[in-house]
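A.B. asks: Quick one: structure below, then a few questions.
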Amino acid sequence: MFEYAPAPESRSVVDLAGSYGLFIDGAFDSGKDGNVFKTVNPATEEVLAEVATAGPEDVDRAVAAARRAFGPWSELPGAERAKYLFRIARIIQERARELAVLESLDNGKPIKEARDVDLPLVAAHFFYYAGWADKLAYAGFGPDPRPLGVAGQVIPWNFPLLMLAWKVAPALATGNTVVLKPAETTPLSALFFADVCRQAELPPGVVNIVTGAGDTGAYLVQHPDVDKVAFTGSTEVGREIARTVAGSGKRLTLELGGKAANIVFDDAPVDQAVEGIVNGIFFNQGHVCCAGSRLLVQESIADSFLDSLKRRMATLRVGDPLDKNTDIGAINSAAQLARISELSEIGSAEGAERWSPECSLPERGFWFAPTIFTGVTQAHRIAREEIFGPVLSVLTFRTPEEAVAKANNTPYGLSAGIWTEKGSRILAVADKLRAGVVWANTFNKFDPASPFGGYKESGYGREGGRHGLEAYLA
Amino acid sequence: MPKSVKSVTVSPEPGRLSVRKTYKLYIGGKFPRSESGRTYLVDGDNVALASRKDARDAVLAARAAQPKWAGATAYNRGQVLYRIAEMIEARRAEFTALGVPGAEVSAVVDRWVWYAGWSDKIAQVAGGANPVAGPFFNISAPEPTGVVAVVAPASLLGLVSVIAPAIVTGNTVVVLAAGPQVAVTLAEVLATSDVPGGVVNLLTGRYAETAPWLAGHDDVNALDLTGVDHPDLAAELERAAAGTLKRVIRPVTGGPDFTADPGLRPMTALLETKTVWHPKGY
Numbered sequence: 001m002f003e004y005a006p007a008p009e010s011r012s013v014v015d016l017a018g019s020y021g022l023f024i025d026g027a028f029d030s031g032k033d034g035n036v037f038k039t040v041n042p043a044t045e046e047v048l049a050e051v052a053t054a055g056p057e058d059v060d061r062a063v064a065a066a067r068r069a070f071g072p073w074s075e076l077p078g079a080e081r082a083k084y085l086f087r088i089a090r091i092i093q094e095r096a097r098e099l100a101v102l103e104s105l106d107n108g109k110p111i112k113e114a115r116d117v118d119l120p121l122v123a124a125h126f127f128y129y130a131g132w133a134d135k136l137a138y139a140g141f142g143p144d145p146r147p148l149g150v151a152g153q154v155i156p157w158n159f160p161l162l163m164l165a166w167k168v169a170p171a172l173a174t175g176n177t178v179v180l181k182p183a184e185t186t187p188l189s190a191l192f193f194a195d196v197c198r199q200a201e202l203p204p205g206v207v208n209i210v211t212g213a214g215d216t217g218a219y220l221v222q223h224p225d226v227d228k229v230a231f232t233g234s235t236e237v238g239r240e241i242a243r244t245v246a247g248s249g250k251r252l253t254l255e256l257g258g259k260a261a262n263i264v265f266d267d268a269p270v271d272q273a274v275e276g277i278v279n280g281i282f283f284n285q286g287h288v289c290c291a292g293s294r295l296l297v298q299e300s301i302a303d304s305f306l307d308s309l310k311r312r313m314a315t316l317r318v319g320d321p322l323d324k325n326t327d328i329g330a331i332n333s334a335a336q337l338a339r340i341s342e343l344s345e346i347g348s349a350e351g352a353e354r355w356s357p358e359c360s361l362p363e364r365g366f367w368f369a370p371t372i373f374t375g376v377t378q379a380h381r382i383a384r385e386e387i388f389g390p391v392l393s394v395l396t397f398r399t400p401e402e403a404v405a406k407a408n409n410t411p412y413g414l415s416a417g418i419w420t421e422k423g424s425r426i427l428a429v430a431d432k433l434r435a436g437v438v439w440a441n442t443f444n445k446f447d448p449a450s451p452f453g454g455y456k457e458s459g460y461g462r463e464g465g466r467h468g469l470e471a472y473l474a
Numbered sequence: 001m002p003k004s005v006k007s008v009t010v011s012p013e014p015g016r017l018s019v020r021k022t023y024k025l026y027i028g029g030k031f032p033r034s035e036s037g038r039t040y041l042v043d044g045d046n047v048a049l050a051s052r053k054d055a056r057d058a059v060l061a062a063r064a065a066q067p068k069w070a071g072a073t074a075y076n077r078g079q080v081l082y083r084i085a086e087m088i089e090a091r092r093a094e095f096t097a098l099g100v101p102g103a104e105v106s107a108v109v110d111r112w113v114w115y116a117g118w119s120d121k122i123a124q125v126a127g128g129a130n131p132v133a134g135p136f137f138n139i140s141a142p143e144p145t146g147v148v149a150v151v152a153p154a155s156l157l158g159l160v161s162v163i164a165p166a167i168v169t170g171n172t173v174v175v176l177a178a179g180p181q182v183a184v185t186l187a188e189v190l191a192t193s194d195v196p197g198g199v200v201n202l203l204t205g206r207y208a209e210t211a212p213w214l215a216g217h218d219d220v221n222a223l224d225l226t227g228v229d230h231p232d233l234a235a236e237l238e239r240a241a242a243g244t245l246k247r248v249i250r251p252v253t254g255g256p257d258f259t260a261d262p263g264l265r266p267m268t269a270l271l272e273t274k275t276v277w278h279p280k281g282y
């Protein structure tokens, strides 16, 4: 392996204040109770900033501001709403470097991913939905589709700004107003987005950001004046939200966990497939709901394929997220690191064989070496539960029917991968996989024009594309 | 006191005792009695009173039938639905004798014909190619969500308006029917219309008793509460459905207008969208 000199991105492009408040009705404030929490850089454990915790009264104020803003915003001609969204998209492009560094600092993801994946997709998402704002009558939801009102949106920490874009862009394009709660461990990019909204001169109250932990999210989801709830996160919390919303008449979309199978047939192009498997599970430290966390490899090629995979894994660079050479950054939090470690120990205890390449991990911060388990059976917890980390469980199969049966043998149904050179097999297997996104000879591709979302316990509703409008229209 | 006169008396002839119909459940293409042995009296008829076990048997039958029904060609499913319309037209007298107005029977026939035509069109309307920013083939297509449990409204038109949009796309259903004589007569239509056994399973009885088992059933994908007339029970069923994140169609306040154009939502609410990516290149 070649030695690479460090190529650090400068963090001076981000001007961090010591503390941040809530963004309600177009202005920042510190919240009624003055409670704060700290957000840390998971690569160094350095405190980045103190952030206000929104209590029930703060959520009330945010929802009230969104309600006041809803009338005028929904009555704006679509073409005018569109122009606000186009402005936001442009400002995001202009500030992309700053936002990418900020995202890497607060989340721990490699700068090359924040720079090349997250931020371009964020801007593209606003551009895409901006264009829908004045074309809703042609979207296939009736001649005069109406917005729902105030949307309460709760997003996770794995792609903080991208998940915000997935939620906010379609909601605003369709004439709704939003109260968004970013994740407790990654609140900063949402607060910078609030500043983007100010720069775009978005009317006050159209976008409100309330920061805090699970309690803040629960107040928002339960709030009687919220018309629509959108949540991305764990299946456990998704279930709880569905129970909370039951009987209230609130519309609900959920994008939840996954345990995707990445199926490699014996005729797959090996180098391409290895790249796809590595990208599928180690992209974003495996903190991806659609991660290809179960490798199903055809038995006849399993040994040689795993050799190739291990060789490739040995070249992965784990370390400083701001180093442009880094492939795998920091685990987002101590709690997540503990969960990954615990499930990995269970994997070993249940009899699977654990392997990681030799790699030195930084002393401070939260780190986990890329890991694969072989000899995994369908009964193992590491084959059934979402680990949400850089841990791959390897199973084998003999026939396409067996591959499909194993791939579908999960309560989840978010994504799946197929690697084969045979076109008819791709189409037949894709038909049989019970998953909302199927990547064939590729993996982890996203686009604002492409609907994304799960079957079964991976949730309901779609984000992206024309389909993504439906969640916000009556 | 229940009415002592049988609700269906076709061509009574003096001096001849008519042969009555036994109203039974419809599960897996067969007409069993309730495994519980229970019946209840409806307008003078002893109707099977479905139990929890019957509901679970019906889910098994629906699950077993689902892959093949979804795997049939859309053209084939459309032909089967059209055949249902033909069979109802032929049994018009039987429905009117049960008190269904002639105009409603006509609307029911027309509704089956309408949905029959959707079978091979909905995928183009609800799906399509996605113009992604890269060298990829990218397509989204609707697929059936799987097994749907339905609390059906009482009218024949309402019953058909919840069954047809579910099955036309390849779902299979377990229906808790109100208005049991009409529902069982519809089941007899389905049994003679080339609808494969298990695609529609129909239980008579008290939905308040059986619906909670279906709402909490791990092998049910979606729950249609259109026929639930108690808001508290609807909320309770929706909460139970959250356990496995079932798709839920909520009851409409004031009851839906089944004579109106149904639109796409009754179908799309029971569809998943699958998006497939593949690189382009030489």
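Listed in order, the protein sequences are those of chains A and B.
Heads up, the first sequence is in UniProt numbering, so the first residue is 1 and it goes up one at a time.
Heads up, the second sequence is in UniProt numbering, so the first residue is 1 and it goes up one at a time.
Backbone N, C-alpha and C fix where the C-beta goes; we use that ideal spot for every residue, glycine too.
Just checking, does the region 105-117 of chain A make contact with the region 284-291 of chain A on the three C-beta pairs under 8 Å criterion?
C.D. replies: yes
A.B. asks: Once DSSP output is grouped into helix, strand and coil, what is the label at B:Lys3?
C.D. replies: In the second sequence, the residue the question calls residue 3 of chain B occupies position 3. Confidence at B:Lys3 is low in this model, with a pLDDT of 41, below 50, so its placement is unreliable and the value that follows should be read with caution. Of the three classes helix, strand and coil, the one that applies to B:Lys3 here is coil, per DSSP.
A.B. asks: Are the C-beta of B:Arg83 and some C-beta of chain A separated by less than 7 Å?
C.D. replies: For the purposes of this step, residue 83 of chain B is taken as the residue at position 83 of the second sequence. Not one chain A Cβ lies under 7 Å of B:Arg83.
A.B. asks: Is the CB of A:Glu457 under 7 Å away from at least one CB in chain B?
C.D. replies: In the first sequence, counting from the first residue as 1, residue 457 of chain A sits at position 457. True, the Cβ-Cβ gap to chain B drops below 7 Å.
A.B. asks: DSSP three-state label for residue 477 of chain A, please.
C.D. replies: Only positions 1 to 474 of chain A appear in the structure, and residue 477 of chain A is not among them; the question remains open.
A.B. asks: Compile a chain-ordered list of the residues in the region 251-267 of chain A whose CB is closer than 8 Å to at least one CB of chain B.
C.D. replies: Leu254, Leu256
A.B. asks: Name the residue from A:Ala260, A:Glu358, A:Arg364 whose alpha carbon lies nearest to the alpha carbon of A:Val394.
C.D. replies: Locating residue 394 of chain A in the first sequence gives position 394, counting from the first residue. A:Val394 has its Cα closest to that of A:Ala260, out of A:Ala260, A:Glu358, A:Arg364.
A.B. asks: Verify the CB distance criterion: does A:Lys445 have a CB-CB separation below 7 Å to chain B?
C.D. replies: Sequence index remark: in the first sequence, residue 445 of chain A carries index 445 (1-based). Yes, contact with chain B.
A.B. asks: Within 10 angstroms of the Cβ of B:Pro266, are there 16 or more other Cβ atoms? Answer buried if so, exposed if not.
C.D. replies: By one-based count along the second sequence, residue 266 of chain B stands at place 266. Burial call: buried.
A.B. asks: Would you report the Cα separation of A:Ala133 and A:Ala194, rounded to the nearest angstrom?
C.D. replies: For the purposes of this step, residue 133 of chain A is identified with residue 133 of the first sequence, where counting begins at 1. For the purposes of this step, residue 194 of chain A is identified with residue 194 of the first sequence, where counting begins at 1. Each residue's Cα considered, the two are about 21 Å apart.
A.B. asks: Can you tell me whether A:Ala82 is buried or exposed? The criterion is at least 16 other CB atoms within 10 Å of its CB, across all chains shown.
C.D. replies: Here residue 82 of chain A refers to the residue found at position 82 when the first sequence is read from its first residue. Buried.
A.B. asks: Looking at the unbroken beta strand (DSSP E) that takes in B:Tyr40, where does it start and where does it end?
C.D. replies: Taking the second sequence and counting its residues from 1, the one referred to as residue 40 of chain B is at position 40. Counting along the chain, the beta strand (DSSP E) containing B:Tyr40 begins and ends at 39-42.
A.B. asks: For A:Ala7, count the other beta carbons within 10 Å of its own beta carbon; 16 or more makes it buried, fewer makes it exposed. Which is it?
C.D. replies: Your numbering for residue 7 of chain A matches position 7 in the first sequence. A:Ala7 is exposed by the Cβ-count criterion.
A.B. asks: Listed from N- to C-terminal order along the chain, which residues in the region 74-107 of chain A have their beta-carbon within a distance smaller than 8 Å of any beta-carbon of chain B?
C.D. replies: Listed by position along the chain: nothing, the set is empty.
A.B. asks: Taking the alpha-carbon positions, what's the A:Arg11 to A:Lys432 distance?
C.D. replies: The count along the first sequence starts at 1 and reaches residue 11 of chain A at position 11. The count along the first sequence starts at 1 and reaches residue 432 of chain A at position 432. A straight-line Cα-Cα distance of about 47 Å links A:Arg11 and A:Lys432.
A.B. asks: In angstroms, rounded to a whole number, what distance separates the CA positions of B:Ser4 and B:Asn201?
C.D. replies: As a first step, residue 4 of chain B must be located in the second sequence, where it is residue number 4. As a first step, residue 201 of chain B must be located in the second sequence, where it is residue number 201. Caution is warranted here: a pLDDT of 41 is assigned to B:Ser4, below 50, making its placement in the model unreliable, and the coordinate value is therefore given only provisionally. Roughly 29 Å between the two C-alpha positions.
A.B. asks: Tell me whether A:Phe373 sits in a helix, a strand or coil according to DSSP, three-state version.
C.D. replies: As a first step, residue 373 of chain A must be located in the first sequence, where it is residue number 373. Three-state result, A:Phe373: strand.
A.B. asks: Taking Cβ positions only, does A:Pro451 come closer than 7 Å to chain B?
C.D. replies: Working through the first sequence from its first residue, we reach residue 451 of chain A at position 451. It does: the Cβ of A:Pro451 has a partner Cβ on chain B nearer than 7 Å.
A.B. asks: Where does A:Phe141 fall in DSSP's three states?
C.D. replies: For this step, residue 141 of chain A is matched to residue 141 along the first sequence. Secondary structure at A:Phe141: coil, using DSSP grouped into helix, strand and coil.
A.B. asks: What residues from the region 161-176 of chain B come within 7 Å of chain A, judged by C-beta to C-beta, listed N to C?
C.D. replies: Those residues of the region 161-176 of chain B that come within reach of chain A (Cβ to Cβ, closer than 7 Å) do not exist; the list is empty.
A.B. asks: Does the Cβ-Cβ distance between B:Gly198 and B:Ala107 come in under 7 Å?
C.D. replies: Here residue 198 of chain B refers to the residue found at position 198 of the second sequence. Here residue 107 of chain B refers to the residue found at position 107 of the second sequence. Not in contact: B:Gly198 and B:Ala107 (Cβ atoms no closer than 7 Å).
A.B. asks: Using a Cβ-Cβ cut-off of 6 Å (strictly less than) and excluding sequence neighbours within five positions of B:Gly170, which residues of its own chain qualify?
C.D. replies: Sequence index remark: in the second sequence, residue 170 of chain B carries index 170 (1-based). Once the five neighbours on either side are set aside, the close Cβ partners of B:Gly170 are Trp69, Ala70, Pro144.
A.B. asks: Taking 7 Å as the threshold (C-beta atoms), are A:Ile426 and A:Ala440 in contact?
C.D. replies: Counted from its first residue, the first sequence places residue 440 of chain A at position 440. Counted from its first residue, the first sequence places residue 426 of chain A at position 426. Yes; because the gap between Cβ atoms is below 7 Å, this pair is in contact.
A.B. asks: How about B:Asn130: is its C-beta nearer than 7 Å to some C-beta of chain E?
C.D. replies: The chain labelled as chain E is not found among the protein chains of the depicted structure, namely A and B.
A.B. asks: From the beta carbon of A:Val438, is the nearest beta carbon of chain B less than 7 Å away?
C.D. replies: Here the question's residue 438 of chain A lines up with position 438 in the first sequence. Taking Cβ atoms only, chain B reaches closer than 7 Å to A:Val438, which makes this a yes.
A.B. asks: For B:Met1, which residues in the same chain have their Cβ closer than 7 Å to its Cβ, ignoring the five residues on either side in sequence?
C.D. replies: Working through the second sequence from its first residue, we reach residue 1 of chain B at position 1. Low per-residue confidence applies at B:Met1: pLDDT is 35, beneath 50, and the placement is therefore not dependable enough to give any value.
A.B. asks: Name the chain B residues that come within less than 9 Å of A:Gln140, Cβ to Cβ?
C.D. replies: Numbered from its first residue, the first sequence carries residue 140 of chain A at position 140. According to the sequence provided, residue 140 of chain A is Gly. The question's Gln does not apply to it. The answer, in chain order, is Val125, Ala126, Leu264.
A.B. asks: Of the choices B:Ala149, B:Arg247, B:Lys30, B:Gly158, whose alpha-carbon is the least far from that of B:Ala260?
C.D. replies: Within the second sequence, numbered from 1, the residue matching residue 260 of chain B stands at position 260. It is B:Gly158.
A.B. asks: Of all the alpha helix (DSSP H) runs that stay within the bounds of the region 106-187 of chain A, which reach a length of 4 or more residues?
C.D. replies: 119-132, 160-173
A.B. asks: Give, in chain order, every unbroken run of the beta strand (DSSP E) that is at least 3 residues long and sits entirely within the region 242-270 of chain A.
C.D. replies: Within the region 242-270 of chain A, the runs of beta strand (DSSP E) that reach at least 3 residues and sit entirely inside it are, in chain order, 251-255, 261-264.
A.B. asks: Just confirm the distance between the C-beta atoms of A:Leu136 and A:Gly78, as a whole number of angstroms; I'd bet it's less than 8 Å.
C.D. replies: Locating residue 136 of chain A in the first sequence gives position 136, counting from the first residue. Locating residue 78 of chain A in the first sequence gives position 78, counting from the first residue. The pair is a contact, with the Cβ atoms about 6 Å apart (cut-off 8 Å).
A.B. asks: Rounded to the nearest angstrom, what separates B:Val248 and B:Val109 at their Cα positions?
C.D. replies: Sequence index remark: in the second sequence, residue 248 of chain B carries index 248 (1-based). Sequence index remark: in the second sequence, residue 109 of chain B carries index 109 (1-based). Whole-angstrom Cα-Cα distance: 27 Å.
A.B. asks: Excluding the 5 residues preceding and the 5 following A:Ala69 in the sequence, name in chain order all residues of the same chain whose CB lies nearer than 7 Å to its CB.
C.D. replies: Along the first sequence, read from residue 1 onward, the residue named residue 69 of chain A stands at position 69. The residues are Thr177, Pro203, Pro204, Gly205, Val206.
A.B. asks: Find the residues of chain A that neighbour B:Arg63, judging by a C-beta separation of less than 8 Å, and give them in chain order.
C.D. replies: In the second sequence, counting from the first residue as 1, residue 63 of chain B sits at position 63. Going along chain A, no residue has its Cβ under 8 Å from B:Arg63, so there is no contact; the nearest lies around 13 Å.
A.B. asks: With 16 other CB atoms within 10 Å as the buried threshold, where does A:Phe159 fall?
C.D. replies: In the first sequence, counting from the first residue as 1, residue 159 of chain A sits at position 159. The Cβ neighbour count for A:Phe159, taken over all protein chains shown within 10 Å, is at least 16; the residue is labelled buried.
A.B. asks: For a test of the three-state rule: what should DSSP assign to B:Leu223, helix, strand or coil?
C.D. replies: The residue given as residue 223 of chain B occupies position 223 in the second sequence. It is a strand residue.
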